[in-house]
């Protein structure tokens with residue numbers, strides 16, 4: 193009876209040791225995959241455009257007027273899962289979007305800067321192809337926000353020009 197208890201404990205301890213070893217190996221593999229470029233980035237440039245702006249943000253027309261300190265949230269549509277950051281002095285901000293897409297879509301939310309009437313957003317994937325987006329109506333929010341859903345797919349980096357068009 194005593195021998196059976198010892199062998200049972202030994203088997204249980206061996207199983208725990210093997211589980212820890214397996215977890216360590218899998219963690220190291222996951223860490224190495226992340227270091228090998230497994231991550232994805234969304235880079236945003238926030239810029240100010242004049243009231244008469246009628247472009248599509250595809251040709252860098254307003255890039256010489258970057259907007260520092262603009263707050264953005266990037267996350268999954270229709271959830272409370274968001275990452276928040278603000279643009280730097282050059283109007284740039286980058287987000288790790290590796291785990292964000294929900295069925296290939298992420299939501300961008302801008303805390304609307306003063307004197308902004310509307311936004312114009314243009315995004316491209318890492319190959320330079322336009323990324324489809326949909327503007328989402330977000331009336332009644334305090335503070336006011338502007339929202340766009342991006343069809344980013346499941347892989348690759350994305351870069352966006354986010355133009356804030358002034359009141360006219």
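Residue numbers (the numbering used here): 193 to 360.
Note that the Cβ used here is the ideal one computed from N, Cα and C, for glycine as well.
If you look at residue 331, you'll find it isn't in any beta strand (DSSP E); DSSP assigns it neither H nor E. The bridge partners DSSP lists for residue 338 are 302.
Within the same chain, and ignoring the five residues on either side of residue 285 in sequence, the residues whose Cβ sits closer than 7 Å to its Cβ are 236, 264, 277, 278 and 279. Contact annotation: residue 250 and residue 314 have beta-carbon atoms nearer than 8 Å. When DSSP assignments are scanned along the segment 222-280, the uninterrupted stretches of beta strand (DSSP E) that are 3 or more residues long and fall wholly within it turn out to be 233-241, 263-267 and 274-278.
With distances taken between CA atoms, residue 357 lies nearest to 243 out of 243, 232 and 231. For residue 295, no beta strand (DSSP E) segment is defined, and its DSSP state is neither H nor E. Setting aside the 5 residues that flank it on each side, residue 310 is surrounded in the same chain by 357, each with a C-beta closer than 6 Å to its C-beta; the list follows chain order. Membership of residue 321 in any beta strand (DSSP E) is not indicated, and neither H nor E is assigned to it by DSSP. Note on residue 350: 16 or more other CB atoms within 10 angstroms of its CB, so buried under the neighbour-count rule. Rounded to whole angstroms, the separation of the alpha carbons of residue 283 and residue 360 is 22 Å. In the three-state reduction of the DSSP assignment, residue 311 falls in the strand class, which pools E and B.
Residue 321 sits exposed, since fewer than 16 C-beta atoms from the chains shown fall within 10 Å of its C-beta. A direct Cα-to-Cα measurement between residue 288 and residue 306 gives close to 27 Å.
Residue environment for residue 340: buried (at least 16 other C-beta atoms within 10 angstroms of its C-beta).
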